[in-house]
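**Q**
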Amino acid sequence: MVEDDFEIIHQLERILKNAKRFDCKVTTARSGKEGFEYLEEKLYDVVLSEYDMPDMGGIDFLKKVREKYPAETMRFLIIDEGETKRANEALNDGVIHQYIENP
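Counting from 5, one number per residue, gives the positions in the sequence shown under our numbering.
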């Protein structure tokens with residue numbers, strides 16, 4: 005999960021870890037750069053990225069994930085209200101598999 009807001013990280017991490025039907029381990033990164041460092045070390049089944057990050061936008065980050073791991077990794081974008089147009093474009097272009105509205 006790539007997210008720059010600690011509160012959102014903790015909320016999503018708690019939700020994912022408590023979902024009993026999922027057997028998952030959660031790794032968090034605070035930036036796109038840090039996210040890529042983790043991806044260099046290990047392949048992940050799912051990548052969630054915040055839309056608006058300081059060093060690299062979530063759509064740009066997930067485009068790069070798609071280029072490097074086109075079939076191996078499901079890509080989800082976390083958006084705030086008002087970002088659905090760009091998220092739908094990314095969805096239609098195959099950059100992401102789905103978007104999730106920020107909790």
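Heads up, the beta-carbon is just placed ideally off N, CA and C, and yes, glycines get one too.
Given that a residue counts as buried once 16 or more other Cβ atoms are within 10 Å of its Cβ, and exposed if not, what is Arg70?
**A** So Arg70 counts as buried.
**Q** Considering just the uninterrupted stretch of the beta strand (DSSP E) at Glu76, what are its terminal residues?
**A** Glu76 -> no beta strand (DSSP E), and no H or E assigned at all.
**Q** My guess is that Leu81 and Tyr55 are in contact by the Cβ rule of under 8 Å, so how many angstroms apart are they, rounded?
**A** With a Cβ gap of about 6 Å, Leu81 and Tyr55 count as contacting.
**Q** Beta carbon of Thr77, beta carbon of Val99: below 7 Å?
**A** In this structure, Val99 does not lie closer than 7 Å to Thr77 by Cβ.
**Q** To the nearest angstrom, how far is the alpha carbon of Lys37 from that of Ser53?
**A** Approximately 12 Å, taken between the alpha carbons.
**Q** Who are the Cβ neighbours of Met60 in its own chain at under 6 Å, not counting the five residues just before and after it?
**A** Answer for Met60: Gly36, listed in chain order.
**Q** Per the DSSP calculation, Ile104 is bridged to which residue(s)?
**A** Note: Ile104 sits in a beta bridge opposite Ile82.
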